[in-house]
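K.L.:
Per full-length UniProt numbering, residue 1 is the first one in the sequence shown, and the count goes up by one each step.
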Amino acid sequence: MIKEKIIIIGAGPCGLAAAIACQDAGFEPLVIEKENVVHTLYRFPTHQTFFSTSERLEIGEVAFVTEERKPRRNQALSYYRDVVERKNIRIQTFEQVLSVEKKESGDFYIKTSKDEYQASYVIIATGYYDSPNFLNVPGEKQNHVFHYFKEAHPYFRKKVVVIGGKNSAIDAALELEKAGAHVTALYRGKDYSSSVKPWIMPEYQSLVNNNRIMLEFEADVQEITENEVIYSVNGHQKKVEAEFVFAMTGYHPDHQFLKNMGVTVDSESGRPYFHDETMETNISNLFIAGVIAAGNNANEIFIENGREHGKPIASYIKEKEKKK
1 MIKEKIIIIG AGPCGLAAAI ACQDAGFEPL VIEKENVVHT LYRFPTHQTF FSTSERLEIG
61 EVAFVTEERK PRRNQALSYY RDVVERKNIR IQTFEQVLSV EKKESGDFYI KTSKDEYQAS
121 YVIIATGYYD SPNFLNVPGE KQNHVFHYFK EAHPYFRKKV VVIGGKNSAI DAALELEKAG
181 AHVTALYRGK DYSSSVKPWI MPEYQSLVNN NRIMLEFEAD VQEITENEVI YSVNGHQKKV
241 EAEFVFAMTG YHPDHQFLKN MGVTVDSESG RPYFHDETME TNISNLFIAG VIAAGNNANE
301 IFIENGREHG KPIASYIKEK EKKK
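1) Check whether the segment 310-317 and the segment 280-293 touch, using three or more Cβ-Cβ pairs below 8 angstroms as the test.
2) Once DSSP output is grouped into helix, strand and coil, what is the label at Ser206?
3) For the structure I just gave you, are there three or more beta carbon pairs, one from the segment 23-42 and one from the segment 2-9, closer than 8 angstroms?
4) Output needed for Thr264: all residues of its chain with C-beta closer than 6 angstroms, excluding positions within five of it in sequence on either side, in chain order.
5) Report, in whole angstroms, the separation of the C-beta atoms of Lys166 and His182, which I expect to be a contact under 8 angstroms.
6) When you compare the segment 118-133 with the segment 68-81, are there three or more beta-carbon pairs, one atom per stretch, that lie closer than 8 angstroms?
7) According to DSSP, simplified to helix, strand and coil, what is Pro198?
8) Tyr231 and Leu186 - do their beta-carbons sit closer together than 8 angstroms?
9) Helix, strand or coil, according to DSSP, for Lys70 in the structure here?
10) Going by CA-CA distance only, name the one from Val145, Trp199, Arg157 and Gly15 that's closest to Ile170.
11) Ile2 and Tyr121 - do their beta-carbons sit closer together than 8 angstroms?
12) So Ser168 and Phe156 are supposed to be a Cβ contact under 8 angstroms. How far apart are they, rounded?
13) Can you name the start and end residues of the beta strand (DSSP E) that Tyr109 belongs to?
14) From the DSSP output, in three-state form, read off Lys322 for me.
15) Under 8 angstroms Cβ to Cβ from Gly295, same chain only, skipping five residues before and after it: list those, please.
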């Protein structure tokens, strides 16, 4: 049994920011990550450009300097690796947390894929990108159906259906069209989403207007077969050829992971209970940080505001330790 004062689960930007805040408060937290640092950013499309400017992605007062105002994925990966090195953050990578249990003593027992730990405080910063919002339609689990988009080249001259109408779906559709794919977009909304990044919408609309991307609004996907997507529009059934399908329908936190720890999660919003000023959940000494605090609303908390969660957590823990 390895004893720690503070364990942080998740080495995304918000988890790393929480670790630095704890360091600044005089602690030596241990971060446990099931992949490697900022794995969510690694899974972003290869040529992704961030919505935020580089200074809004900074953590630990380490400058993030880029030529362009909005950094690219590879620049962010390099930046966060550099932060880990500079701040000497203790991280156990490729180690998955299997369970977190609070004992009668008040300490937490954490079991991972590699070891067992005991901690006085636990901070959950696991994000939401590992849990796609499934369509729950027949055929969704076939090998040619994906919920993540990486790069467009393999789909040159292929018939590709993109399901969804927000940022990840439109980014994928644009990249696929550029690479020579024949793209059909199916979106259940009645019109273009207002949450789409403003600088990509004109290009997308132009491609749709010129029939370079075939777009169907109010499309309700019913089934994915080996070579087609079957859907309905206002009750009328339609189908479109599909050699590959990208269901870019968003992501959500791992609700069950939180519930298994005893954290109260709102059934409608997916939002875990936490105190606004301390980020402490209904379980004493168990905190959450980052986008997981927003529940199912992925457009509420980003790196630029989730990075601030660690400071009140660290301050609160420091005050509690003083009283012991």
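We treat Cβ as the ideally placed atom computed from N, Cα and C, and that holds for glycine.
P.N.:
Taking the geometry as given:
1) Cβ pair count under 8 angstroms is three or more, so yes.
2) Ser206 carries a helical assignment under DSSP once its states are collapsed to helix, strand and coil.
3) Yes, the segment 23-42 is in contact with the segment 2-9.
4) Within the same chain, Thr264 has close Cβ partners Tyr273 and Asn282.
5) Approximately 22 angstroms separates the beta-carbon atoms of Lys166 and His182; this is outside 8 angstroms, ruling out the contact.
6) With the cut-off at 8 angstroms, the segment 118-133 and the segment 68-81 do not touch.
7) Correct three-state label for Pro198: coil.
8) Contact: yes.
9) In the structure shown, Lys70 adopts coil according to DSSP, grouped into three states.
10) It is Trp199.
11) No.
12) Their Cβ separation, rounded to whole angstroms, is 21 angstroms, which puts Ser168 and Phe156 out of contact at 8 angstroms.
13) Residues Phe108 to Thr112.
14) Helix at Lys322.
15) In the same chain as Gly295, and ignoring 5 residues on each side of it, the C-beta atoms closer than 8 angstroms to its own belong to His252, Pro253, Val265, Asp266, Ser269, Gly270, Arg271 and Pro272, in chain order.
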